[in-house]
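Participant: In UniProt numbering, the protein residues as written are 1 to 263.
Built from N, CA and C at the ideal position, the CB exists for glycine as well.
From a predicted model like this one, the values you see are computed outputs, not experimental measurements.
Pasting the structure below:
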């Protein structure tokens with residue numbers, strides 16, 4: 001492949017990569033970044049495949065073709081076992097976290113998908129064929145949309161976490177995961193508190209002002225625990241002095257609190 005052909009093939013993925021880089025630089029928390037990156041990755045892989053096939057190198061074609069088939073099989077296997085992963089996650093959450101509606105969401109999704117599978121297997125006997133086909137197409141497209149949306153969200157999440165974090169925060173917002181038995185910090189909430197504490201100390205080591213640690217929902221905890229909340233006890237156990245250094249605006253909804261965060 002000549003230099004001009006190579007430039008022509010990779011022009012579109014290059015432009016898409018620039019658009020993604022600009023969007024990610026301006027606002028790394030956008031879900032749009034996931035779509036832009038996935039579009040860039042797909043177009044780049046297509047361009048790369050075209051360049052490899054055009055090269056005529058049989059060894060290179062065989063190696064990359066084998067890697068592509070293996071990757072497709074792994075992705076297909078992960079999607080095929082989606083029900084297993086949902087049930088496994090639901091069991092872990094059931095054992096380790098509170099039984100709130102949000103924490104049991106994966107369990108409800110798994111049950112719903114299982115019921116759909118059963119209905120798809122036996123429904124054809126009881127409903128007309130055109131209606132069955134229409135329902136199958138509807139739920140199939142709906143499931144595909146959910147999977148693509150989930151994949152896009154995971155892509156955006158991974159990209160954001162891989163981004164170097166500037167240690168210049170004003171607030172560290174620890175989103176709640178529910179209290180076990182109404183008075184115990186759950187393992188998930190404890191891990192989030194640990195992450196905030198590590199970030200807190202790292203920012204101090206860099207000579208920056210100490211950020212305020214905020215617990216949304218702590219006002220409700222204060223009503224249940226007038227002297228101290230379970231989150232306060234956790235911070236004390238981690239070596240924080242009294243009074244606990246969080247900003248007492250936690251009676252606000254978490255989404256509104258996030259508006260105070262500077263990145």
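#1: Roughly how many angstroms separate the alpha carbons of residue 74 and residue 175, rounded to a whole number?
#2: In three-state terms, what does DSSP make of residue 8?
#3: Short of 6 Å in beta carbon distance, which residues of its chain neighbour residue 163, apart from the five on each side in sequence? Order them along the chain.
#4: Would you mind sorting residue 215 into buried or exposed? The rule is 16 or more other CB atoms within 10 Å of its CB.
#5: Give the secondary structure of residue 92 by DSSP, where H, G and I count as helix, E and B as strand, and everything else as coil.
#6: So the candidates are 155, 187, 113 and 160; which of them puts its Cα closest to the Cα of residue 140?
#7: What does the Cβ neighbour count give for residue 110, buried or exposed, with the cut at 16 atoms within 10 Å?
#8: Cutting at 7 Å between CB atoms, please list the residues of its own chain near residue 64, excluding the five before and the five after it.
#9: State the DSSP-derived secondary structure class of residue 86, mapped to helix, strand or coil.
#10: With H, G and I counted as helix, E and B as strand and the rest as coil, what does DSSP make of residue 81?
#11: If you follow the alpha helix (DSSP H) that residue 212 is part of, which residue opens it and which one closes it?
#12: According to DSSP, what are the bridge partners of residue 173?
#13: Which stretch, first to last residue, makes up the alpha helix (DSSP H) that contains residue 240?
#14: Distance check for residue 159 and residue 78, CA to CA, integer angstroms please.
#15: Return yes when the Cβ of residue 16 is within less than 8 Å of the Cβ of residue 43, no when it is not.
#16: Answer yes if the region 32-48 comes into contact with the region 142-158, meaning at least three C-beta pairs across the two stretches below 8 Å, and no otherwise.
#17: Less than 8 Å between C-beta atoms, sequence neighbours within five positions excluded: which residues of the same chain meet that for residue 278?
#18: Is it buried or exposed, residue 95, if we count other Cβ atoms within 10 angstroms and call 16 or more buried?
#19: By Cβ distance below 7 Å, which residues in the same chain neighbour residue 149 in space, the five residues on each side in sequence not counted?
#20: Counting along the chain, where does the alpha helix (DSSP H) carrying residue 31 start and finish?
#21: For the alpha helix (DSSP H) containing residue 161, list its first residue and its last residue.
#22: According to the neighbour-count rule (16 or more other Cβ atoms, all chains shown, within 10 Å of its Cβ), is residue 193 buried or exposed?
#23: Along the chain, where does the alpha helix (DSSP H) containing residue 112 start, and where does it finish?
#24: Output the distance between the C-alpha atoms of residue 14 and residue 165, rounded to the nearest integer angstrom.
#25: Which of the three DSSP states, helix, strand or coil, is assigned to residue 38?
#26: With C-beta atoms as the reference, is residue 9 less than 8 Å away from residue 47?
#27: On a Cα-Cα basis, can you pick out the residue from 121, 23 and 107 that is closest to residue 91?
Facilitator: Based on what the coordinates show:
#1: Spanning the two alpha carbons is a distance of roughly 33 Å.
#2: Per DSSP, reduced to three states, the secondary structure at residue 8 is helical.
#3: The residues are 28.
#4: With 16 or more other Cβ atoms within 10 Å, it is buried.
#5: Three-state DSSP puts residue 92 in a helix.
#6: The alpha carbon of residue 140 has as its nearest neighbour, out of 155, 187, 113 and 160, the alpha carbon of 113.
#7: That one is buried.
#8: Non-local beta-carbon contacts of residue 64 in its own chain, meaning distances under 7 Å to residues more than five positions away in sequence, involve 52 in chain order.
#9: Helix at residue 86.
#10: For residue 81, the three-state secondary structure derived from DSSP is coil.
#11: Not the alpha helix (DSSP H): residue 212 falls in the beta strand (DSSP E), residues 212-214.
#12: According to DSSP, residue 173 bridges with 214.
#13: Segment: none, residue 240 is in no alpha helix (DSSP H) and carries neither H nor E.
#14: Distance between the alpha carbons of residue 78 and residue 159 is about 20 Å.
#15: Taking 8 Å as the Cβ cut-off, residue 43 and residue 16 qualify as a contacting pair.
#16: A contact exists between the region 142-158 and the region 32-48.
#17: Coverage of the chain is limited to positions 1 through 263, which leaves residue 278 absent and any answer about it impossible.
#18: The residue in question, residue 95, is exposed, as its Cβ has fewer than 16 Cβ neighbours within 10 Å.
#19: Excluding residues within five positions, none has a Cβ falling inside 7 Å.
#20: Element bounds for residue 31: n/a, residue is neither H nor E.
#21: Looking at the DSSP string, the run of the alpha helix (DSSP H) that includes residue 161 is 129-162.
#22: Result: buried.
#23: Its alpha helix (DSSP H) spans residues 105-122.
#24: Approximately 26 Å, taken between the alpha carbons.
#25: DSSP places residue 38 in the helix class (H, G or I) of the three-state scheme.
#26: Between residue 9 and residue 47, the C-beta spacing is below 8 Å.
#27: When each option's Cα is compared against that of residue 91, the closest is 107.
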